[in-house]
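Below is one structure, written out as structure tokens, with a few remarks after it.
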Amino acid sequence: MNFQINIKGLSKHFGTNVVLDGVDLQITAETITAVIGKSGTGKSVLLKLIAGILEKNSGTIECTKILESGEAIPISFNDIGFSYMFQNNALFDSMTAFENVALPLIEGNNPLPKEKVKEKVNHLLEQLDLASSSNRYPGELSGGMNKRIAFARALVTEPKVVLFDEPTTGLDPERKFTVFDMIEKYRNLFGFSALLVSHDIPDVYKIVDSVAWLDEGKIQFFGKPENIDLISEIPIREYLKTGRISSRNL
Amino acid sequence: MKKIEIIVGLFVLSGLIGVFFLAFRIGKSEFIGQKTYELVAVFNNLSGVSENGRVEIAGVRVGSVQNIQLNDNFQAIVTLKLPEHLKLDDDTIAAVKTSGLIGDRFIELFPGGSGIQLEPGDLIFDTQSAIDLESLISKFGFGDLEGSRQSIE
Amino acid sequence: MKSLLIILANFVRELGAILLFINKSLIAFWVCKNRLKKIIQSTLEIGCRCVFIVLIIGLFTGMVMGLQMYYTLIKFGADAALGTAVSLSLIRELGPVLTALMIVGQSGSALCSEIGIQRNGEQVDALETMGIHSIGFLSGPRLYAGLISFPILTAFFDLIGLLGGYFSGCVLMGLDGDIYWKKVFYSVQFIDVYGGFIKSVCFGIFTIGICTYEGYYAHLNSSYKGIQGVTQAATKAVVKSSVLVLVFDYLITSFLL
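Protein chains in written order, with this note's numbering: chain A, 1 to 250; chain B, 1001 to 1153; chain C, 2001 to 2257.
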């Protein structure tokens, strides 16, 4: 399915604290976009607004489905089919890995029959090297494994858009690359779009199609990672390239 | 899951038995759907009888006091709720009785034998009001009781 | 004076919010899947786990009542009325109230903190992103389980309390057991049992409602964040439900009498 998501003028404030002040962003099918920026600039808030977990103060999120004939028809974000991978995984401690992954299939809007769920979940767990721990609880498994369970839960509904909230935070460098590889691999396999909040500059650039730099409540730069080199202001260019804020320059 | 289902099932089953035991055995509720009818009686003094109070025949509870009101002659009108199968004749006497010396007041019915049955809503003519211990004692003290005994004789 | 008004306004607002939350949970539950399984699971948590404590408390309440009433009534030579006194006070008042307080202490606080921790760990948000109605999923089954469990546990409490009264009054103090049971059966009317169960159903719905509400909004209603917010929410839930149990007890009693 070909689609386009247009975010226009998205704003959010908590009391007097303005977090987002007119964010414009475009997401197209089967692309990975990284949202980068300093801590506390509202990257996670942006994702939560898109997912509908938080209420936006103003702005629009317009989604259009593009048919093969080229005709564009409006569609709601929920109908595109999305999933959200939380920063701290948000797995249910009282459920086994299998039950956690199966949850959206059993309890969601389009429940599947039992055998179908079993087959699908087991297949996915196998692909993610989790088959041996499917009957264990999140508390008994390592952080990396829990990340993969959360990843499996996000993918099991075959979503068209996956929102990743800092999927690599708290992982050691090897696992970090494993997660990035995972995202890229399954993007190629399932063909979803990803919006990825990350602090891992520049490692994240290896898998993304475009970069959105969020600062002071607005998207200050949007483009391909290669295009960062074209930015004329040196401190910003250096920051976006290395992820380091040089005290000399800023 | 199986074990949980059994535990919860046992819990609910034993609980329902408890609820029904309380409601129907200890609470002696009229079973739902049991048909009742009403009779009316007028008393000069109904002191101590309350709504939902007992109605007995020969010491067996048969019904309850539905409603108590005051009429224009300052008498108490009582509506009694009785089961439909309980047929009473029109010379039935309704009396206010006391269980024990300081116990509850209730209404005791003495069925008659006239052969004419009371219909729902009918009035029981013969009533005996509550015995007023105080006036009984004062009557005894002033000799009034003596006079009344003589008149009976 | 002004602060009193604010407190009153807050109380009314909160009461309204809780009622709306209960209403929402009861309705939203029906869009969830595997409803029977959820109700069974919640009944296990709320009902079955409290059986033991309710039986213990009920037995000793009945025994204390038997003893106290015995010593009071024997002064008037009315010790035959022990069955009446114990059964009426148990079935009308103590049964529903003490059962509700026990369940709040045993299960209410636990389920409040469970939902609070899930809120804290973003599991509640995760449910919403999966297209699962989080209120119906988390609060709905527990409310229905409360509706089932409260009257049942109250019945357990009443019955074992009557046994406790018999034990202390008749077995220990030597009253005639026959008279005790005769008085119990004689004096309890259907309206008493009915009133007791009306109370327990009301307590069931709003105590569980308050506990799930406080847990669900642990992040909003608390002045603390994180785990401290959850513990605060659990404390608030227990205090509020306990106070409201007694307030509602008075209100319902005054309606029924």
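Ideal Cβ placement from N, Cα and C applies to all residues, glycine included.
Starting from residue i and walking both ways along the beta strand (DSSP E), at which residues does that stretch end?
i: B:F1024; result: Neither: B:F1024 is in no beta strand (DSSP E) and is coded neither H nor E.
i: C:M2173; result: It is not in any beta strand (DSSP E) - C:M2173 carries neither H nor E in the DSSP assignment.
i: B:L1070; result: 1060-1070
i: A:N110; result: First-last for A:N110: undefined, no H or E at that position.
i: A:F164; result: 161-165
i: B:F1106; result: 1105-1110
i: A:F82; result: 82-85
i: A:P138; result: No beta strand (DSSP E) holds A:P138; DSSP gives it neither H nor E.
i: C:V2097; result: Where C:V2097 is concerned, there is no enclosing beta strand (DSSP E), although the alpha helix (DSSP H) it sits in stretches over 2095-2103.
Residue i lies in the alpha helix (DSSP H); which residues open and close that run?
i: C:G2083; result: 2082-2089
i: C:A2234; result: 2226-2256
i: A:G223; result: Per DSSP, A:G223 belongs to no alpha helix (DSSP H); it is in the beta strand (DSSP E), 218-223.
i: C:S2187; result: 2177-2187
i: C:L2163; result: 2140-2166
i: B:P1083; result: Where B:P1083 is concerned, there is no enclosing alpha helix (DSSP H), although the beta strand (DSSP E) it sits in stretches over 1076-1083.
i: A:A131; result: A:A131 -> no alpha helix (DSSP H), and no H or E assigned at all.
i: C:D2125; result: 2123-2129
So with Cβ pairs under 8 Å, would you call residue i a contact of chain C?
i: B:F1031; result: Residue confidence for B:F1031 is low, a pLDDT of 49 falling below 50, so the modelled location carries little weight; the figure read from the coordinates is stated next. It does not: the Cβ of B:F1031 has no partner Cβ on chain C nearer than 8 Å.
i: B:L1022; result: yes
i: B:V1012; result: yes
i: A:L46; result: no
i: B:G1121; result: no
i: A:E115; result: no
i: B:E1153; result: Because B:E1153 carries a pLDDT of 49, less than 50, the predicted location of this residue cannot be relied on, and no value is offered for it.
i: B:F1106; result: no
i: A:S83; result: yes
i: A:N17; result: no
i: B:V1008; result: yes
With 8 Å set as the bound, which would you pick, yes or no: does the beta-carbon of residue i sit closer than that to a beta-carbon of chain A?
i: C:G2169; result: no
i: C:A2017; result: no
i: C:Q2123; result: yes
i: C:F2137; result: yes
Using three-state DSSP, classify residue i as helix, strand or coil.
i: C:C2032; result: coil
i: B:D1091; result: coil
i: A:P202; result: coil
i: A:I53; result: coil
i: B:G1053; result: coil
i: A:K8; result: strand
i: C:F2197; result: helix
i: A:I36; result: strand
i: B:N1045; result: coil
i: A:G59; result: strand
i: A:D21; result: strand
i: A:H13; result: strand
i: A:L250; result: Caution applies to A:L250, whose pLDDT of 46 falls short of 50 and renders its modelled position unreliable; the model cannot decide the point.
i: B:F1031; result: Confidence at B:F1031 is low in this model, with a pLDDT of 49, below 50, so the placement of that residue is unreliable and no value is reported for it.
i: C:T2072; result: helix
i: C:S2134; result: helix
i: C:A2009; result: helix
So is residue i in contact with chain B if we call contact Cβ pairs under 8 Å?
i: C:D2178; result: no
i: C:Q2106; result: no
i: C:I2210; result: no
i: C:I2191; result: yes
Tell me whether the beta-carbon of residue i lies closer than 8 Å to the beta-carbon of residue j.
i: B:E1056; j: B:V1065; result: no
i: C:T2253; j: C:F2197; result: no
i: A:A154; j: A:L125; result: no
i: A:L171; j: A:K147; result: yes
i: C:L2044; j: B:V1078; result: no
i: C:I2115; j: C:G2215; result: yes
i: A:R50; j: A:I61; result: The sequence given here has Ile at residue 50 of chain A, not Arg. Their beta carbons are under 8 Å apart, which means A:I50 touches A:I61 by this criterion.
i: B:L1080; j: B:L1039; result: yes
i: A:L196; j: A:P225; result: no
i: A:Q87; j: A:S44; result: yes
i: A:K8; j: A:L20; result: no
i: A:I32; j: A:I183; result: yes
i: C:G2146; j: C:I2205; result: yes
i: B:K1035; j: B:E1084; result: yes
Verify the contact flag: residue i, CB atom, against every heavy atom of the ligand SAM, threshold strictly below 7 Å.
i: A:I231; result: Because no ligand of any kind appears in the structure shown, any question about the ligand SAM cannot be addressed here.
Q. Hey, is the stretch 2206-2224 of chain C in contact with the stretch 2142-2153 of chain C, meaning 3+ C-beta pairs nearer than 8 Å?
A. yes
Q. Do the stretch 151-161 of chain A and the stretch 176-194 of chain A meet, that is, are 3 or more Cβ pairs less than 8 Å apart?
A. yes
Q: Please determine if the stretch 2101-2109 of chain C and the stretch 2226-2240 of chain C are in contact, where contact requires at least 3 C-beta pairs separated by less than 8 Å.
A: yes
Q) Do the stretch 2080-2094 of chain C and the stretch 2055-2063 of chain C touch if we need at least three Cβ pairs shorter than 8 Å? A) yes
Q | At least three beta-carbon pairs within less than 8 Å, the stretch 50-59 of chain A to the stretch 2080-2090 of chain C | A | no
Q. Quick check: the stretch 86-104 of chain A against the stretch 2024-2033 of chain C, are there 3 or more CB pairs under 8 Å?
A. no
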